[in-house]
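In the UniProt record's numbering, the protein residues as written are 1 to 129.
To start, the structure under review is shown below, and the notes come after it.
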């Protein structure tokens with residue numbers, strides 16, 4: 001499992017498309033490298049660049065529907081990060097995340113931009129079909 005985390009100066013940042021780079025780590029928190037963002041925002045080549053580096057998961061706090069759909073189509077699992085989680089820390093097992101959540105699920109916190117923040121566990125996100 002190779003996990004990409006959107007970062008600015010090795011600090012986890014909120015929005016994937018605005019990240020200047022991505023820290024690459026394994027599930028135990030060991031740093032495996034860095035990938036400069038390829039640019040282009042939501043329309044750019046990010047899914048391709050992540051796949052070329054062997055990324056299997058992308059950690060997020062916020063992600064738009066368009067980028068989510070593009071990453072899912074590329075075979076990259078997108079997961080919400082637990083509150084307080086930062087790069088370099090171990091990642092809870094992906095097996096604890098049984099399904100995606102919607103805004104109506106218990107525990108989801110609606111945010112001003114229409115996204116939700118999921119507390120407590122890593123949750124796989126799947127776009128609308």
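By construction, the Cβ of each residue, glycine as well, lies at the ideal position given by its N, Cα and C atoms.
Given the structure is predicted, the values throughout are model-derived calculations rather than measurements.
Rounded to whole angstroms, the gap between the alpha carbons of residue 47 and residue 70 is 7 angstroms. Straight through space, the alpha carbons of residue 67 and residue 73 are spaced by roughly 10 angstroms.
Taking 3 residues as the shortest admissible run, the region 9–90 contains the following complete beta strand (DSSP E) segments, listed from N- to C-terminal end: 21–25, 31–36, 57–60 and 77–80. Taking a cut-off of 8 angstroms on C-beta distances, the region 84–93 touches the region 5–12, as three or more cross pairs fall below it. In the same chain as residue 32, and ignoring 5 residues on each side of it, the C-beta atoms closer than 8 angstroms to its own belong to 2, 24, 25 and 26, in chain order. Using a Cβ distance threshold of 8 angstroms, residue 21 and residue 35 count as a contacting pair.
Residue 7 is not a Cβ neighbour of residue 17, given a cutoff of 8 angstroms.
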